[in-house]
Structure formats: structure tokens, C-alpha cells
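Residue numbers (our numbering), protein chains in the order written: chain D, 4 to 279; chain Y, -4 to 340.
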């Protein structure tokens, strides 16, 4: 071993200059930390994100259909909706809960806010990472669907669009979580989750096709206000075009606009929380 | 997301040291902060300079503006007015660049609980772009230096307050910052952990690291700092070496007297009587009249001992009784009381 300045006294030496370092790379380093922690607990993570959709698939898609309470073919309606549900919900939970904890109880986020990258980039990293988790949750739905339902609706020529719409759903959910996680005070998060999550799950057109709601006009209007509706409807149009659905291009446009709006709002909330 | 991140953007107007050519470690001018809806400024136009390699102490009670100042210097709080530079980098116009050259040890534990001690250090360095090979070497050296080498794989939750504090310092040093900010580092530490911390700060100073430390502990400020800034109500009241601050005190020498007030002993009259003695420059009451009497601090010229008899006589004449006398050299606490009119705690 050569004698260098790197004995126990090394930290006492004059600071060595660091190589050039862009904010992009700091952001990637933070993402790497999140992936590292998730990878270590991957089985727990999978159980966490698949259990709810699994039961929804089984009870609504299998049990009710076999007992004759749901018409055959209901799974055509249900499956794309549940993919959307898994994407949006997992995205939301993957940003909202950690942010609430990190901003109040653990302060863990401080070390990242003090890293050499813009504060807003830390929020973007949170959303990207949450969307990655959400995408895994949504992707897992496909083998689960084949296993439980026997077959799932799909079209070979729309696979790329299905992928894009799913990613949009993941990002949408993560952006909603960014808003919840930064605007809601920590002592209110339980109440907020109950008040937000349940309506979000049941007005997002994941269990019913939106155009068939003509007889329940008020509920149709409520559902139209939930951005998740456009993910459910978009996926339905792409995977099971014979089911009535909102036009796919419209779904993409509304989802993108909603994502941009939610991101702006979420970033403002995040920066406000992060800066005094 | 580009620009501003990479290089030290030494501002053109940052004043440089005449011999080293390096900018001041910290340079603050007219810095002020008013929080939304607050009636007054939390920081009311503060200016000071911290030289390279100095340990600079910020002394003041809670709410004096210490943490606001540190918050601004570490890019976490935006100032309302004024400028602040750390190692020549403007913290307002280039916060990303500033974060590269400063290290922060906060008051509260903010370690990553999902990571081990060593991983906390390694990931912090990776956020700051320390190359992978250098990261590992540096982490091991710092764990050793801060007495944490025996449990590098433990989770932060399993360590004591003193060890957590040391982990946060080690983590902050991973990217070799030009200036290290320690915010109330010994709050909540037991005496042994506090001494260990002081030793480490002294070591850092010996190695030439600039340290800015906030405290409401007089002894800590006096022991660690090359210079101390006394701050209260958002205003800088004094700034000098601990010795010079104490030396500049009115009267310089003191008698601390405990007085048991008898029937009808008028308090203000008593203070006036003592104050009228030749050689007495100032008298002050240290706490409110209590059941057992008062504490009075008497500032005198020259040696305090010859004043004991005249003071006792004056007390007796006022119908009170002298129960205790302590002759004192002034310390930072006296400086603080002198400047603010009240004790720190």
C-alpha cells in the first residue's frame, strides 16, 4: 500500500476538488438510492401493490361472473379499468405517504434538498420513482389477469399505445400524490386518505364504462372530473374496443393536460414546503 | 435542469483574501428575513464575514435569528433582502452551486433510516458527485475518525443521540465542503458526548475546515470559536474574539452579591446606594426579588476585593443583609447580559 493522504487523517486534508457534476447526475444518484431501497424489499413491495387488484380481479371478474351476477364479458370492461386503478393508485400512494413522513417526522428529505440540484428536480425524482413503482404494479396485472380470468382483452396493434397510456396513468397518480403529500398537514393525512382515496377508486370508471352512465347523469359528471376516468377509458378503448368508451385521442389529451396541471400545482406545493 | 450546478461561480465582487486569494468562507451583507404574516423582521439587516479556516460562533437565545441565518446560508430559506455568499458562491442566485461547497449538520436527526450508517455516508457522497472509489475510502476514514467504525452496518435508529450527531457530521464531510454549518450541535447531548463533539470540532479547525456553529451555550461558544457573533432579535449586537468581547466589558470585574432584604428595605434605593460608592461603575439585578432575597451584580474598577466591606455597609444601611459574595471575572454570559439586558436562559 502506498502512503497517501488517505489515512484516518484524510478528512482533515484540504478538500480535493470534485469532478464536474451536473444536476442531472445528482438526480440520478437520488433515484438510485430509491431503487436500491425498493429492490431490497421487493417481495414486500410486490405484495403491497398486487393484493388489492388481485382481489378485485378475483371477486368482480371471476366470482361474480361465475355465479351469474355479472354478465359474461364483464371482464372485458373490468380488466383495463383495473390496470388503470393499479397505475394511478400505486403512483399516488408512492409519493403521498413518503413525502408526508419525510417532510415531518423523519426529515429524511433534507439531505436530498441539500444535494447540488434544483429543489424542483427533487420533486420530479419523487414522481418518476413513484411512477416506476406504479408501472410495476400495473404490469403485474397482466399475468395476474391471464391467471385468474383465463384470458385478457388485448389488440396486437395497440400495445405501444397501451404502454403509453399506462405510463401516463402512473405519472398522473404520482402527481396527485405529490399534491397530497405537500399540501396536507401530517396530522390530517389519515382523514385525507379516507376522504380522497375511496371516491378516487370508485369514480375513476375502472369498474364501469363511462359512456353507459347515461341513466346516472350526475355520476357521469362526477366521473368525468376524475382524471383516472381517462386512463381507464383510454385503456378500454385500446384493449377492448367493442366496449363503449371515450375516444382514445381525447383520453390522451385530457390525461396529458391533467398531468401538466397537477405537476405544476404539486411542484409549487413541494417548493413551498422545501423552502422557508 | 442545467447550468449553475457544476463549477464554483466565484462572483466578481466577492472580496478575496489578500494573501491566499481565496474568497471569504462566508460573506453576508444587509441580510434580512421577514416571514409571511410576521409583524417584524426575524433577521433585520445583518452583515458579517467569516474567514477561511475559522470557527465562527453564533450566540443568541432561541428565536434570535441564528437558525434563520443558517437557513439562508444553507439555501433552505430565501432572504427578504441582502446578499450572502458561501465560499464565494451567491446562495440566492446560485443555490445549486452553493450546495456543492457547504455541508450542513442540522439540529434534528435527518439521517436516512432505510440505510445503514456507512450507506448514509456513501449515498450522500454520490448525490454530490464524489467518485465511487473515493467515496468508500473517505467513508471508512470518517467512520474511523468519528468513532463509528465498529458498527458501520447498523441502522441510525439503533444509535444514541451523540452517535447520531457524529454520523451527521461525518456525512456532511463526505463531499469535503469548504464550510461546515453546525446548527445547535450539542443540544440534547450528555456531557461526555458534548466533550467528544468539541474535540472533533477542534480537530476540524486544526485541519483548516471552516466551521460556522450556532449555540445558546456560552461555554460552547467560548471554547470552540475563534470569533463569536452575538445576535438577538435579528440584530448583530457584537462580533469579536471571546477574549476581546469579555475584555471590552464595562467595569470588567464584578462582585455577585446575594442580599436578604429586611423589613422595609427598598430595592431600588439599595441599588442606588451601592451604585453611588466610589469605583462602582454599574449595578444590575440578576433576577427578580424572590422569597430569599436578590442577586446583585456590581461592576467595579480594578480589584473587586476591597469593595466587599463598603458594599456590606451600604447593604446594612439599607436595612438588608449580605448573605453571599462572589468575586468574578466577566465571561461571555456577562457580555450577553450587558448587551441584551437579560440572561440567555
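Here a beta-carbon is modelled for each residue, glycine too, at the ideal position from N, C-alpha and C.
1) Could you tell me which chain D residues have their CB closer than 9 angstroms to the CB of residue 69 of chain Y, listed as they occur along the chain?
2) Given that a residue counts as buried once 16 or more other Cβ atoms are within 10 Å of its Cβ, and exposed if not, what is residue 64 of chain D?
3) Of all Cβ atoms in chain Y, is any one closer than 8 angstroms to the Cβ of residue 229 of chain D?
4) Is the separation between the beta-carbon of residue 226 of chain Y and that of residue 60 of chain Y shorter than 8 angstroms?
5) According to a CB-to-CB cut-off of less than 7 angstroms, which residues of the segment 111 to 135 of chain Y neighbour chain D?
6) Compare the Cα-Cα distances from residue 252 of chain Y to each of Y/48, Y/86, Y/269 and report the closest residue.
7) When we look at the beta-carbon of residue 27 of chain D and count the other beta-carbons within 10 Å, is it buried (16 or more) or exposed?
8) Within the same chain, show all residues whose beta-carbon is closer than 7 angstroms to that of residue 241 of chain Y, passing over the 5 residues directly before and after it, in chain order.
9) Under 8 angstroms, Cβ to Cβ, is there at least one residue of chain Y near residue 276 of chain D?
10) Kindly indicate the opening and closing residues of the beta strand (DSSP E) around residue 42 of chain Y.
11) Between Y/85, Y/169, Y/164, Y/132, which lies nearest to residue 69 of chain Y when the distance is taken from Cα to Cα?
12) Is it buried or exposed for residue 58 of chain D, if we count other Cβ within 10 angstroms and need 16 for buried?
13) CB-CB under 7 angstroms to residue 93 of chain D, same chain, minus the five flanking residues each way: which ones, in chain order?
14) Rounded to the nearest angstrom, how far is the Cβ of residue 67 of chain D from that of residue 85 of chain D, given a contact under 8 angstroms?
15) Just the C-alpha distance for residue 80 of chain D and residue 103 of chain Y, rounded to the nearest angstrom, thanks.
16) Assign residue 190 of chain D to buried or exposed, taking buried as 16 or more other Cβ atoms, counted over all protein chains shown, within 10 Å of its Cβ.
17) With a cut-off of 8 angstroms, does the C-beta of residue 78 of chain D fall near any C-beta of chain Y?
18) With a cut-off of 8 angstroms, does the C-beta of residue 286 of chain Y fall near any C-beta of chain D?
19) Using only CA atoms, which one of Y/159, Y/80, Y/73 lies nearest to residue 31 of chain Y?
20) At a Cβ threshold of 8 angstroms, is residue 95 of chain Y touching chain D?
21) Indicate the three-state DSSP secondary structure (helix, strand or coil) for residue 286 of chain Y in the structure shown.
22) Applying the criterion that 16 or more other CB atoms from any shown protein chain within 10 Å of the CB defines a buried residue, is residue 187 of chain Y buried or exposed?
23) Excluding the five sequence neighbours on either side, which residues of its own chain have a C-beta within less than 6 angstroms of the C-beta of residue 272 of chain Y, listed in chain order?
24) At 7 angstroms on the CB atoms, spell out the chain D contacts of residue 326 of chain Y, in chain order.
25) Using C-beta distances below 8 angstroms, list every residue in its chain close to residue 334 of chain Y, excluding the 5 sequence neighbours before and after it, in chain order.
26) Spatial neighbours of residue 108 of chain Y within its chain, please: C-beta separation below 8 angstroms, excluding the five flanking residues on both sides.
27) For residue 295 of chain Y, which residues does DSSP report across the bridge?
28) Among the residues of its own chain, which have a CB less than 7 angstroms from the CB of residue 27 of chain Y, if the five just before and after it don't count?
29) For residue 221 of chain Y, decide whether its Cβ has a neighbour in chain D, counting only Cβ atoms nearer than 8 angstroms.
30) Would you report the Cα separation of residue 280 of chain D and residue 208 of chain D, rounded to the nearest angstrom?
31) Should the segment 150 to 162 of chain D be regarded as contacting the segment 195 to 207 of chain D, the criterion being three or more beta carbon pairs within less than 8 angstroms?
32) What residues in its chain sit with their C-beta under 6 angstroms from that of residue 266 of chain Y, if we drop five residues either side in the sequence?
33) Examine chain D for any beta-carbon lying closer than 8 angstroms to the beta-carbon of residue 147 of chain Y, and answer yes or no.
34) When you compare only the Cα positions, how much space is there between residue 123 of chain D and residue 130 of chain Y?
35) What distance in whole Å lies between the Cβ atoms of residue 258 of chain D and residue 214 of chain D, which are believed to be in contact at a cut-off of 8 angstroms?
36) My understanding is that residue 65 of chain Y touches residue 176 of chain Y, with C-beta atoms under 8 angstroms, so please give their C-beta distance in whole angstroms.
Reading it off the structure:
1) 117
2) buried
3) no
4) yes
5) Taking 7 angstroms as the Cβ-Cβ cut-off against chain D, the residues of the segment 111 to 135 of chain Y that qualify are 118, 119, 121, 122, 123, 124, 125, 126, 132, 133.
6) Y/269
7) exposed
8) The beta carbon of residue 241 of chain Y sits closer than 7 angstroms to the beta carbons of 325, 326, 327, 330 from its chain, once the five residues preceding and following it are set aside; these are given in chain order.
9) no
10) 38 to 45
11) Y/85
12) exposed
13) Closer than 7 angstroms at the Cβ level, and outside the excluded window around residue 93 of chain D, lie 52, 136, 137, 140, 176.
14) That pair is no contact at about 14 angstroms.
15) 51 angstroms
16) That one is exposed.
17) no
18) Note that residue 286 of chain Y has pLDDT 49, beneath the 50 cutoff, so the model's placement of it is unreliable and the number below is only indicative. For residue 286 of chain Y, the answer is no, since every Cβ of chain D falls outside 8 angstroms of its Cβ.
19) Y/73
20) yes
21) Its pLDDT being 49, under 50, residue 286 of chain Y is placed unreliably by the model, and nothing is read from it.
22) exposed
23) 305
24) By Cβ distance, chain D contributes nothing, its closest Cβ being about 31 angstroms from residue 326 of chain Y, past 7 angstroms.
25) 225, 227, 232, 233
26) 150, 151, 152
27) Under DSSP, the beta-bridge partners assigned to residue 295 of chain Y are Y/248, Y/275.
28) 36, 38, 39, 40, 74, 75, 76, 77
29) Residue contact check for residue 221 of chain Y against chain D: no CB pair falls below 8 angstroms.
30) A question about residue 280 of chain D goes unanswered here, because the residues of chain D that appear run from 4 up to 279.
31) no
32) 278, listed in sequence order.
33) No, residue 147 of chain Y lies away from the interface with chain D (no Cβ there is under 8 angstroms from its Cβ).
34) 26 angstroms
35) At roughly 17 angstroms, the Cβ-Cβ gap does not stay under 8 angstroms, so residue 214 of chain D and residue 258 of chain D are not in contact.
36) 5 angstroms
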